Amino acid sequence: MNKNRNWLVSRIDVAKRTRILSFILISMLTLVMLSACSAKADESEVDPKDVAVDFSTAPQVVHTGEATTLIADVKGLKTLDGASLAFDIRKANWKGLPEVINAELADGKYMIKKTFEEKGEFFIYIHLYQGELHITKKKQLVVE
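Numbering (the numbering used here), first residue to last: 340 to 483.
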């Protein structure tokens, strides 16, 4: 009888140990997954209010028929890796589709070459993309 009892006790102990080990492993896996997710969120978290775009042109005064370089200098991102930028060019009071040109990154600034065929006021919407982040800044440009 004592032998049967010991066998039953050892059988219960094995089941208990298995449940405890399973609980510990599941808890550890959950912690690892949560910490990995929160670490990734911290790296990519950028407050759009902290991102600034300095817009300039070369030459400084833009004339019709002359090649102009539009320049966007992005500040406030931890890195420009994986970022892209597009210039969305709209003539004031124009109801048609805008002209959207993807910019090239050179020396830490995004640039495009553009020749304006008309005088007037233009609005340049600068679209910055990085991962799930999309920031739009509106700038004004007068072409003489």
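Backbone N, C-alpha and C define an ideal beta-carbon position, used for all residues, glycine too.
Just so we're clear, the structure is a prediction, and the values are computed from it rather than from any experiment.
Scanning F426, K355, Y468 for the CA closest to the CA of P437 turns up F426. Here L409 is near M450, since their CB atoms are less than 8 angstroms apart.
A direct Cα-to-Cα measurement between L416 and Q399 gives close to 26 angstroms. Considering only D352, T418, F394, the residue with the shortest C-alpha distance to T407 is F394.
Put simply, the stretch 427 to 435 touches the stretch 452 to 472. At least three CB pairs are less than 8 angstroms apart. A distance below 7 angstroms between beta-carbons, with the five flanking residues on each side excluded, links Q469 to the following residues of its chain, in chain order: L416, G421, A422.
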